[in-house]
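S.K.: Supplied in structure tokens, the structure appears directly below.
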Amino acid sequence: MRDMNVVIADDHPIVLVGVREIVQRDARYRLVGEAVSSTQLIEQLRSHRPHVLITDFNMPGDDTYGDGLKLIEYILRHFPETQVLVLTMISNSLILTRLQELGVAGVIQKNHLHGEIEKALGAISAQRSYRAPEQVATSVVANASQVQERFQSLSPRELEVVRLFVTGMSVSDIARQLSRSIKTVSAQKISAMRKLDADSDQALLTYCIEARQFQ
């Protein structure tokens, strides 16, 4: 199977980091562009004509391209060769149904980023249709008070490390920026993950997305 080019778009750095990591792990796909606004997104699509677009539903829009359904309709009309995967936190059945009617390749809830993007990319690569699971009220975040309690348990230095990590910085980058040793930053990140009950980097990103931290 030849490499398939992918463009990703989201105005939240934490989500962009998570999606980038998933795409770059899959040897069948090549990440060729990123965007944080609808204007940038259209520019990337015109420049790269990717096989796949993974985009947030609610992108910062403008009068030309807009956001939400207006933006998705524009993309599908002007870039019909691109398979579009839409990321969202919405559960409005009318909007979800409309997205399917427009012909998107799939709609993925942001709290299911890790597993569902991998499944969707696998389906697209095999030229199969992708169907997201029925939306259910499951989450790694139990409740708002628990989220608050967990984040309050982090020390200021741990919180700072997590904040920088979810923007896409590596442990060595964080160490350099904060003038700390890599060993110290790594230990602070591991300690924060333990307190947040996150057992992997992806779990940490997912937790922060659901908890709406640093967005």
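If you read the sequence shown in the UniProt record's numbering, its first letter stands for residue 1, the second for the next number, and so on.
Glycine included, each C-beta is placed from N, C-alpha and C at the ideal position.
Do residue 171 and residue 182 have their CB atoms nearer than 7 Å?
M.R.: yes
S.K.: Can you give me the Cβ contacts of residue 73 inside the same chain, cut-off strictly under 8 Å, excluding the 5 residues immediately before and after it?
M.R.: 102, listed in sequence order.
S.K.: For residue 29 and residue 4, which I take to be in contact (beta-carbon distance under 8 Å), what is that distance rounded to the nearest angstrom?
M.R.: Right, the Cβ-Cβ distance comes to about 5 Å (below 8 Å), so this counts as a contact.
S.K.: Which parts of the UniProt domain "HTH luxR-type" (147-212) are runs of the alpha helix (DSSP H), unbroken and 4 residues or longer, counting only runs that do not cross its ends?
M.R.: 156-165, 171-178, 182-196, 201-210
S.K.: Output needed for residue 157: all residues of its chain with C-beta closer than 7 Å, excluding positions within five of it in sequence on either side, in chain order.
M.R.: 188
S.K.: Would residue 162 and residue 192 qualify as a contact pair, given that the criterion is a beta-carbon distance under 7 Å?
M.R.: yes
S.K.: In or out: residue 177 buried (at least 16 other Cβ within 10 Å) or exposed?
M.R.: exposed
S.K.: Comparing C-alpha positions only, which one of 54, 53, 78 sits nearest to residue 65?
M.R.: 78
S.K.: Do the CB positions of residue 44 and residue 7 come within less than 7 Å of each other?
M.R.: yes
S.K.: Alpha carbon to alpha carbon, how far is residue 184 from residue 235? Give it in angstroms, no decimals.
M.R.: Any property of residue 235 remains undetermined from this structure, which presents the chain solely from 1 to 215.
S.K.: Quick check on the burial criterion: 16 or more other C-beta atoms within 10 angstroms. Buried or exposed for residue 127?
M.R.: exposed
S.K.: How many angstroms separate the CA atom of residue 105 from the CA atom of residue 131?
M.R.: 8 Å
S.K.: Using the Cβ count rule (16 or more neighbours within 10 Å means buried), how would you classify residue 175?
M.R.: By the beta-carbon neighbour count (other beta carbons within 10 angstroms, threshold 16), residue 175 is buried.
S.K.: Please list, in chain order, all residues of the same chain as residue 33 whose beta carbon is under 6 Å from its beta carbon, the five residues on each side excluded.
M.R.: 7, 44, 48
S.K.: For residue 10, which option in 21, 22, 57, 51 has the closest C-alpha, if you only look at C-alpha atoms?
M.R.: 57
S.K.: Buried or exposed: residue 50, going by 16 or more other Cβ atoms within 10 Å of its Cβ?
M.R.: buried
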